[in-house]
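**Q**
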Amino acid sequence: MKSDIEPDEQELVSLVEVEDAELARKSSQSKSQGQLVRRRFLNHKAAMISTVVLVVITLTAFTSIGFAGIPGWWGQSYLKSSSVVNGGAPTLSLWPSWLGGPGFAIGDHPFGQDNTGKDYFALVMRGTQKSIIIAVTVGALSTFIGAIIGAVAGYFRGWVDEVLMRLTDLFIVIPLLVLAAVLGQLAGSKLGGSIFALALVLGLLTWTGLARLVRGEILSLREREYVAAAQAMGSKTSRVIFKHLLPNTIGVIVVNATFAIAGAILLETSLSFLGFGVKAPESSLGLLISQYQNAFTNRPWLFWWPGMLIVAIALSVNFLGDGLRDAFDPRQTKKTRRRTKKEEVSE
Amino acid sequence: MLKFILKRLGASIGILFAASFLLYVLVINSGDPLSDLRESIADNRDYLMQQRSDYMNLDMPWFQRYWTWLVGVGGCFALKCDLGTNIQGIEVTGLLGAAASSTLRLVVLATVLAAIAGIAVGVLSAIRQYSGLDYGVTFLTFLFFSLPVFWAAVMLKEYMAIGYNDWMKDPSFSTVQIVLIALLFGFLMQVFLAGSIRRRLATFAVSAAFVAVVIPYLLWLNFFRYPQLGPAAIVVLSLAVALSGTAMSVGIRNKLVLYPALVTVGLGLVMYYATFSLLKEPNTWVLIVGGILSVAVPGAIGHFMGGRLRKTAMTVSALTGLAFGGLTVIDHIFRAWPGFLALKPRPIGTIGSQTPNFTGDFWETFLDRGAQLLLPTLLLAIISLASYSRYTRASMLEVGQQDYIRTARSKGLSERTVIFRHAFRNALIPIATIAAFDFAGLIGGAVITETVFGWKGMGQMFTTGLHAVDPAPVMAFFLVTGTAAVLFNMLADIFYALLDPRIRV
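Written as structure tokens, this is what we have:
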């Protein structure tokens with residue numbers, strides 16, 4: 103080939119090649135989709151702060167009072183009652199002394215004591231542990247079921263789709279709280295009210311939203327050429343679904359998993375509050391609030407701490423999900439700077 | 244279209260039927276309805292057990308119990324509902340009416356408030372994307388999403404209701420408080436109105452100064468105990484509605500729209516004096532008819548005076564009329580307020596849907612209901628407001644990227660026209676769907692709110708019923724929420740098809 107080209111032209115070609123190489127060197131290395139997503143996520147401030155908050159809360163909850171027989175670093179137990187000091191008021195103070203406050207101190211009972219003198223920090227940490235376990239189990243279970251059902255319905259279409267979608271309609275017609283309350287009571291009376299039974303029940307109920315979304319995605323993805331290619335090469339159906347289709351819906355799935363976790367925390371607290379969720383020997387943040395809701399006027403801290411932890415967990419999980427959504431789907435983030443500028447001009 | 248609706252209706256009824264079956268079986272298996280009697284040591288224990296079995300058909304096998312219930316419900320089509328009897332032998336059909344009316348009062352009001360406020364906030368934060376306002380709104384909506392309802396409810400009770408009631412005994416602000424309120428108000432106003440730094444500073448100064456003058460003046464008038472509006476203030480406020488409505492739709496200089504709105508204000512003033520004595524002791528029907536007239540008559544005025552801008556003129560005039568009517572009602576409420584305070588010194592209620600043994604004239608009873616309604620409505624509205632504003636924002640941003648918006652801008656339309664005529668209307672289409680879903684969802688979600696505020700609504704019927712393993716009230720609750728969900732789901736689909744010709748089948 104090269105011999106056909108005139109010397110002048112050859113020079114030109116080599117010039118172009120040099121330029122190309124230079125350009126390739128200048129623009130930093132190309133990135134894979136995963137790297138792009140990770141970078142966008144790491145640049146999302148709110149999401150990063152939320153991640154830190156979440157990790158701190160989780161670590162504190164599990165290491166402070168210990169978990170599954172392993173003792174923790176916090177000296178007091180949630181079972182042991184001791185004498186009530188100073189009406190059980192919290193000893194934690196963050197008001198620095200140079201502002202006229204009592205100075206920074208943690209004290210014996212940073213979150214105070216309940217009316218029988220139990221250390222409230224230990225109680226709240228135990229509730230947090232259980233709430234987190236429930237939320238994560240529910241999130242994982244509902245994501246798993248939702249993704250599978252959505253993928254199967256979208257891939258096979260026809261009567262399979264019809265049956266599965268009517269099934270999701272069934273769950274949508276009965277308000278979630280109602281069904282969860284009924285099943286929570288059922289789990290409480292038949293399965294002894296363990297938190298895993300409750301988590302299982304809630305996980306079996308909350309998959310419908312994700313199933314619909316995944317189905318929609320799969321319906322359009324299954325028409326792509328690479329799916330046709332995989333089918334033509336004789337891939338098994340399960341391989342097409344799990345290797346080619348589901349990985350391409352990972353954005354929807356991951357984002358929804360986080361929102362499912364946030365929703366599960368709130369649902370669990372609501373159920374425990376109504377008395378259909380976690381029952382007394384067990385514990386959870388929602389149960390703590392409902393147990394102490396009448397103590398508000400005398401001992402407001404019994405009410406404040408678990409509530410603030412619920413808000414902190416749910417809020418940071420929600421922001422985490424928002425960050426993930428922006429990272430997976432940057433469409434909405436880009437175009438807008440231009441528009442705001444234009445508006446300022448027009449104003 | 245008809246075929247589409249019928250098909251949807253058929254599928255919906257089938258789903259409702261299956262769901263009722265599922266729920267019934269789950270409820271009757273969720274525990275033992277006789278457990279409290281089994282441990283009882285009363286002499287007539289066996290008699291009580293037998294009585295309860297008769298009320299709840301416990302002797303029948305489960306499918307027969309369901310069938311009996313279903314036949315009773317089927318009677319509703321022949322106008323003879325029988326929803327069974329509850330654990331104490333009381334007809335659930337009778338209970339449901341009262342419960343449903345108190346729940347619906349709560350939910351309808353909350354939905355309307357949340358939709359209006361949420362859409363407004365969403366549009367604003369979409370127009371000012373990535374501004375301080377947008378970030379603030381985003382943070383607040385996420386916070387509202389993450390609030391446990393009952394926790395927020397107790398906070399509202401403790402700090403808002405009790406705080407306000409204590410304050411109401413002797414309304415006063417210290418100088419420091421007035422300064423703080425003025426600064427906060429000024430800050431919020433400049434966040435909302437935005438603009439260049441100079442404009443922001445001006446907004447801040449003007450609104451802060453306004454508040455700093457108005458609050459001492461109101462305190463001097465003892466406005467908070469003896470509020471008054473009067474015809475002059477009503478006219479000024481309705482004029483503001485008329486002018487801003489005109490300015491937002493077609494611009495202030497357009498006489499075709501402005502004049503009917505001004506005529507409406509004038510007519511409103513005449514009607515204010517004409518209906519004064521009637522509205523002193525009205526009844527519900529007077530208010531309803533008055534409300535309809537205050538929208539319909541201005542609408543007609545707009546129709547005849549609007550010329551080629553007939554539609555816009557009708558909308559703006561009707562809004563003005565509505566504002567005038569609403570303000571007239573508020574005027575009469577203000578007049579009744581001192582009398583109401585004398586009857587009920589701690590106005591904001593935290594328990595129940597009405598004060599027990601409360602007697603007063605129409606407006607005083609109205610105020611009492613309103614004061615009891617305030618906190619639960621506020622709570623429900625705040626929570627669904629968050630999702631409305633989120634969806635509106637996303638929808639506005641999505642629409643803002645469409646080609647026809649670019650076309651509208653490039654042919655030189657004003658920003659106002661682009662946003663309200665081209666973007667906002669199209670952004671509303673998905674919101675209509677969400678409103679339908681949200682309403683149905685809220686009826687279910689009212690369970691917790693009712694429990695916290697001690698309302699005797701459907702939510703309470705559900706929780707007590709479920710605790711007692713009593714299927715009749717639980718199923719009655721489901722019948723209302725499930726039918727609402729199916730109905731509104733279908734309405735949403737039809738709305739969607741009507742509003743957006745692209746998806747018509």
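Each protein sequence line maps, in turn, to chains E and P.
For what it's worth, my numbering labels the leading residue of the first sequence as 103, then goes sequentially.
For what it's worth, my numbering labels the leading residue of the second sequence as 244, then goes sequentially.
The beta carbon of each residue, even a glycine, is placed where N, CA and C say it ideally should be.
These numbers were taken from a predicted model, which means no experiment stands behind them.
Going by the C-beta, is alanine 299 (chain E) closer than 7 angstroms to any heavy atom of the ligand MG?
**A** In the structure on display, the ligand MG does not appear, and there are no ligands present to speak of.
**Q** For histidine 665 (chain P), go through chain E and note every residue whose CB falls closer than 9 angstroms to its CB, in chain order.
**A** Residue mapping note: residue 665 (chain P) aligns to position 422 of the second sequence, counting from 1. Those within 9 angstroms of histidine 665 (chain P) in chain E number zero; the least Cβ separation is about 14 angstroms.
**Q** Along the region 381-398 of chain E, where does the CB come closer than 8 angstroms to a CB of chain C? Name the residues.
**A** Among the protein chains in the structure shown, which are E and P, there is no chain C.
**Q** Hey, out of P:Thr446, P:Ala566, P:Ser273 and P:Gly545, whose CA is closest to glutamine 433 (chain P)'s CA?
**A** For the purposes of this step, residue 433 (chain P) is identified with residue 190 of the second sequence, where counting begins at 1. Closest by alpha carbon: P:Thr446.
**Q** According to DSSP, simplified to helix, strand and coil, what is lysine 444 (chain E)?
**A** Residue mapping note: residue 444 (chain E) aligns to position 342 of the first sequence, counting from 1. Summary for lysine 444 (chain E): the model assigns pLDDT 41, below 50, so the residue's position carries little reliability; its value from the coordinates is reported in the next sentence. DSSP places lysine 444 (chain E) in helix when its eight states are reduced to three.
**Q** Distance check for glycine 365 (chain E) and isoleucine 594 (chain P), CA to CA, integer angstroms please.
**A** Numbered from 1 along the second sequence, position 351 holds the residue referred to as residue 594 (chain P). Numbered from 1 along the first sequence, position 263 holds the residue referred to as residue 365 (chain E). Distance between the alpha carbons of isoleucine 594 (chain P) and glycine 365 (chain E) is about 28 angstroms.
**Q** Quick one: is leucine 386 (chain P) near chain E, going by C-beta distance under 8 angstroms?
**A** The count along the second sequence starts at 1 and reaches residue 386 (chain P) at position 143. With 8 angstroms as the cut-off, leucine 386 (chain P) counts as an interface residue toward chain E.
**Q** From the DSSP output, in three-state form, read off isoleucine 172 (chain E) for me.
**A** Position 70 of the first sequence, counted from the first residue, corresponds to residue 172 (chain E). Reduced to three states, the DSSP call for isoleucine 172 (chain E) is strand.
**Q** Any beta carbon from chain E within less than 8 angstroms of tryptophan 394 (chain P)'s own beta carbon?
**A** Taking the first residue of the second sequence as 1, we reach residue 394 (chain P) at position 151. Cβ-Cβ to chain E under 8 angstroms: yes for tryptophan 394 (chain P).
**Q** With a threshold of 8 angstroms between beta-carbons, can leucine 709 (chain P) be considered close to chain E, or not?
**A** Stepping through the second sequence from its first residue, residue 709 (chain P) is reached at position 466. It does: the Cβ of leucine 709 (chain P) has a partner Cβ on chain E nearer than 8 angstroms.
**Q** Looking at the C-beta of valine 240 (chain E), does it have a partner C-beta in chain P at a distance below 8 angstroms?
**A** For the purposes of this step, residue 240 (chain E) is identified with residue 138 of the first sequence, where counting begins at 1. Valine 240 (chain E) does not count as touching chain P.
**Q** Is any beta-carbon of chain E found at less than 8 angstroms from that of proline 391 (chain P)?
**A** Against the second sequence, residue 391 (chain P) aligns to sequence position 148. Closer than 8 angstroms to the CB of proline 391 (chain P) there is at least one CB belonging to chain E.
**Q** Helix, strand or coil for lysine 246 (chain P), going by three-state DSSP, please let me know.
**A** For the purposes of this step, residue 246 (chain P) is identified with residue 3 of the second sequence, where counting begins at 1. Lysine 246 (chain P): helix per DSSP, three-state reduction.
**Q** What whole-angstrom Cβ distance do leucine 243 (chain E) and glycine 318 (chain E) have, given they're in contact under 8 angstroms?
**A** Taking the first residue of the first sequence as position 1, residue 243 (chain E) is located at position 141. Taking the first residue of the first sequence as position 1, residue 318 (chain E) is located at position 216. Leucine 243 (chain E) to glycine 318 (chain E), Cβ: 21 angstroms. No contact.
**Q** Checking the sheet assignment: what are the DSSP bridge partners for lysine 381 (chain E)?
**A** Walking along the first sequence from the start, residue 381 (chain E) turns up at place 279. In DSSP, lysine 381 (chain E) forms no bridge with anything.
**Q** Figure out for me which residue from E:Ala313, E:Ile320, E:Gly425 and E:Leu279 has the closest Cα to the Cα of glycine 256 (chain E).
**A** The residue given as residue 256 (chain E) occupies position 154 in the first sequence. It is E:Ile320.
**Q** Quick one: does isoleucine 258 (chain P) have its CB under 8 angstroms from some CB of chain E?
**A** Looking up residue 258 (chain P) in the second sequence gives position 15. Yes, because at least one Cβ of chain E sits closer than 8 angstroms to the Cβ of isoleucine 258 (chain P).
**Q** Taking buried to mean at least 16 other C-beta atoms within 10 Å of its own C-beta, is threonine 339 (chain E) buried or exposed?
**A** In the first sequence, counting from the first residue as 1, residue 339 (chain E) sits at position 237. Result: exposed.
**Q** So within the region 382-423 of chain P, which uninterrupted beta strand (DSSP E) runs reach at least 3 residues, ignoring any that extend past its ends?
**A** none
**Q** Taking DSSP as the reference, what is the three-state secondary structure of lysine 345 (chain E)?
**A** For this step, residue 345 (chain E) is matched to residue 243 along the first sequence. In the structure shown, lysine 345 (chain E) sits in a helix (DSSP, three-state: H, G or I).
**Q** Measure the beta-carbon distance from valine 275 (chain E) to alanine 728 (chain P) and round it to whole angstroms, keeping in mind my assumption that it falls under 8 angstroms.
**A** Start at 1 with the first residue of the first sequence, and residue 275 (chain E) comes out as number 173. Start at 1 with the first residue of the second sequence, and residue 728 (chain P) comes out as number 485. Confirmed, Cβ separation roughly 5 angstroms.
**Q** So does the region 555-567 of chain P actually touch the region 504-518 of chain P, counting three or more Cβ pairs closer than 8 angstroms?
**A** yes
**Q** Given that alanine 283 (chain E) touches chain P, what residues does it touch there, using C-beta distances under 7 angstroms?
**A** What you label residue 283 (chain E) is simply residue 181 of the first sequence in a count that begins at 1. In chain order: Leu709.
**Q** Does the distance from the CB of arginine 142 (chain E) to the CB of aspartate 428 (chain E) come in under 8 angstroms?
**A** Walking along the first sequence from the start, residue 142 (chain E) turns up at place 40. Walking along the first sequence from the start, residue 428 (chain E) turns up at place 326. Result yes, Cβ atoms of arginine 142 (chain E) and aspartate 428 (chain E) sit closer than 8 angstroms.
**Q** Is the shortest distance between the beta-carbon of glutamine 287 (chain E) and the beta-carbons of chain P less than 8 angstroms?
**A** By 1-based counting over the first sequence, the position of residue 287 (chain E) is 185. Interface residue, yes.
**Q** Just tell me which of E:Ala283, E:Phe213 and E:Ser385 has its CA closest to the CA of phenylalanine 223 (chain E).
**A** Counting from one through the first sequence, the residue named residue 223 (chain E) turns up at place 121. For phenylalanine 223 (chain E), the nearest C-alpha among the options comes from E:Phe213.
**Q** Less than 8 angstroms between CB atoms is the rule here; does serine 344 (chain P) satisfy it with respect to chain E?
**A** Reading the second sequence from its first residue, position 101 is the one you call residue 344 (chain P). Not closer than 8 angstroms to any Cβ of chain E, the Cβ of serine 344 (chain P) fails to qualify, so no.
**Q** Using 8 angstroms as the threshold, is the C-beta distance between methionine 701 (chain P) and threonine 328 (chain P) below it?
**A** Here residue 701 (chain P) corresponds to residue number 458 of the second sequence, with the count starting at 1. Here residue 328 (chain P) corresponds to residue number 85 of the second sequence, with the count starting at 1. No, the pair does not count as a contact, with Cβ atoms beyond the cut-off.
**Q** Please report whether the beta-carbon of asparagine 420 (chain E) lies at a distance below 8 angstroms from any beta-carbon of chain P.
**A** Counting from 1 along the first sequence, the entry for residue 420 (chain E) is found at position 318. With 8 angstroms as the cut-off, asparagine 420 (chain E) counts as an interface residue toward chain P.
**Q** Return the chain-ordered list of same chain residues with a C-beta closer than 8 angstroms to the C-beta of tryptophan 312 (chain P), the five sequence neighbours on each side being excluded.
**A** Stepping through the second sequence from its first residue, residue 312 (chain P) is reached at position 69. For tryptophan 312 (chain P), where only same-chain residues beyond five positions count, the Cβ hits under 8 angstroms are Tyr267, Leu326, Gly327, Pro714, Ala715 and Met718.
**Q** For the region 394-419 of chain P, which residues have a CB atom closer than 7 angstroms to at least one CB atom of chain E, in sequence order?
**A** Trp394, Val397 and Glu401
**Q** Return no unless some Cβ of chain E is closer than 8 angstroms to the Cβ of asparagine 669 (chain P).
**A** Position 426 of the second sequence, counting from 1, holds the residue named residue 669 (chain P). No, no contact with chain E.
**Q** Determine the DSSP secondary structure at lysine 220 (chain E), reduced to helix, strand or coil.
**A** If you number the first sequence from 1, residue 220 (chain E) lands on position 118. Residue state, collapsed to three classes: strand.
**Q** Is the beta carbon of alanine 579 (chain P) less than 8 angstroms from the beta carbon of tryptophan 606 (chain P)?
**A** As a working mapping, residue 579 (chain P) is identified with position 336 in the second sequence. As a working mapping, residue 606 (chain P) is identified with position 363 in the second sequence. Going by C-beta atoms, alanine 579 (chain P) is nearer than 8 angstroms to tryptophan 606 (chain P).
**Q** Taking beta-carbon pairs under 8 angstroms, can you tell me which members of the region 363-382 of chain E lie near chain P?
**A** Ala364, Leu368, Thr371, Ser372, Phe375, Leu376, Gly377 and Phe378
**Q** So, do the region 477-487 of chain P and the region 458-467 of chain P have three or more beta carbon pairs nearer to each other than 8 angstroms?
**A** no
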